[in-house]
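Beneath this line is the structure, given in structure tokens, with notes to follow.
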Ligand SMILES: [Fe+2]
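Residue numbers (our numbering): 106 to 494.
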């Protein structure tokens, strides 16, 4: 999806026989491709067959929950600090919001996970605090606070949190997460004027080849979880190339666009996906017209539910609402939202904002999980009216 990359030993020509380095037979070439092999793909060269299945078992999915319609319709403030902690980065997720297109979870992981492959769609993980080693068939990379990590569907990987753990917002798409097409040239290069470039993307830079052993791989499909027992460890790729691989982009490398008056959310867009967009709000100078209203005007995003994860800094527009770092606000379609009372006046003389936030807009209504309702601030819906009716 980002751009062509080549790691490790890759033969000069594709789809020809390639001998193993020790001359003990041939490597196993795997074409991993999207869109029926008519879109982005990579070619991976395994030491062993990636198809050697030894066993398969159904696994009960702790995250398999139902979402209730958001009725009666009110804006929500979810407090992630009140959610369960512990477990690994996949099975330890707490589902909060979901619809046919996307699942939104929070995870505070402290345990290394097993090998995992999501066959439904790409996963976009925003690392809030802590960090982890992310290993995959493509190699390993360290991720840390502020990183967006995109893991393409079908990538076999595992998360090992650092000693301080990993706290992250997890967005599971039902298709592929891409960059906004308007940022890209006809041939896929980031254009001048895009808020980040190829240099800001990090990806595995050397192969990861572990000792061969039989190992389990947790596979998520629309039907649930299955644990495949694979005869050979999937981290046996001596080289790969292509445009499909996991990568990280730090929100701190997002270069904000500012104007004389308030700029609309699309200037903050970072990713696009099936019926969703993701935007980054980062520290920046405020609008510089002498009479500029520096916090967002009231707005009705009529086609979207709007989810914002508040990662750091101050949030001028949400003053006195209880929202702070670690909060998630959910402003659904059908509700006109804007700055909390007093925000416009308070921001009048401010020169810049230090806010750091991730926004997810979905194009279909989101349901709430029981866990989300449990950590919702009951007073938040009434903060614009300065208190409960
Ligand atoms: Fe909004």
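Heads up, the beta-carbon is just placed ideally off N, CA and C, and yes, glycines get one too.
For the options 483, 355, 327, 321, the alpha carbon positioned closest to that of residue 434 is the one of 483.
Considering only 467, 419, 472, the residue with the shortest C-alpha distance to residue 381 is 467. Here the alpha carbon of residue 282 sits roughly 30 Å from the alpha carbon of residue 366. Residue burial is scored here from C-beta neighbours: residue 187 has fewer than 16 other C-beta atoms within 10 angstroms and is therefore classed as exposed. Taking each of 295, 276, 242 in turn and checking the Cα distance to residue 345, the smallest one comes out for 242. If you draw a straight line from the Cα of residue 320 to the Cα of residue 256, it comes to about 21 Å.
Taking the C-beta atoms as reference points, residue 331 is found nearer than 8 Å to residue 163. Distance between residue 459 and residue 361, taken at the CA atoms: about 12 Å. Residues 200, 202, 203, 204, 471, 472, 473, 474 of the same chain have their beta carbon placed closer than 8 Å to that of residue 172, with the five preceding and five following residues left out of the count.
An exposed status is given to residue 286, since fewer than 16 other beta-carbon atoms sit within 10 Å of its beta-carbon.
At a Cβ-Cβ threshold of 8 Å, residue 373 and residue 385 count as neighbours. Short of 7 Å from the beta carbon of residue 398, and not among the five residues preceding or following it, lie these beta carbons of its own chain, in chain order: 367, 449.
If you compare the alpha carbons of 343, 335, 422, 209 with that of residue 127, the shortest gap goes to 343.
Taking C-beta separations shorter than 7 Å and ignoring five residues to either side along the sequence, the partners of residue 249 in its chain run 232, 236, following chain order. The three-state secondary structure of residue 389, taken from DSSP, is strand.
Secondary structure remark: continuous beta strand (DSSP E) runs of at least 3 residues inside the region 299-374, in chain order: 320-326, 329-335, 342-347, 352-355. Taking the Cβ of residue 388 as the reference point, every heavy atom of ligand 1 lies at 7 Å or farther away. Under DSSP, residue 146 takes part in a beta bridge, and its partners are 138.
Collapsing the DSSP output to three states places residue 452 in a helix. Every unbroken stretch of the beta strand (DSSP E) spanning 3 or more residues and falling wholly within the region 397-431 is given here in chain order: 410-417. For residue 478, the three-state secondary structure derived from DSSP is helix. Placement of the Cβ of residue 367 at a distance of 7 Å or more from every heavy atom of ligand 1 is found. Among the bridge pairs identified by DSSP, residue 434 is matched with 182, 413.
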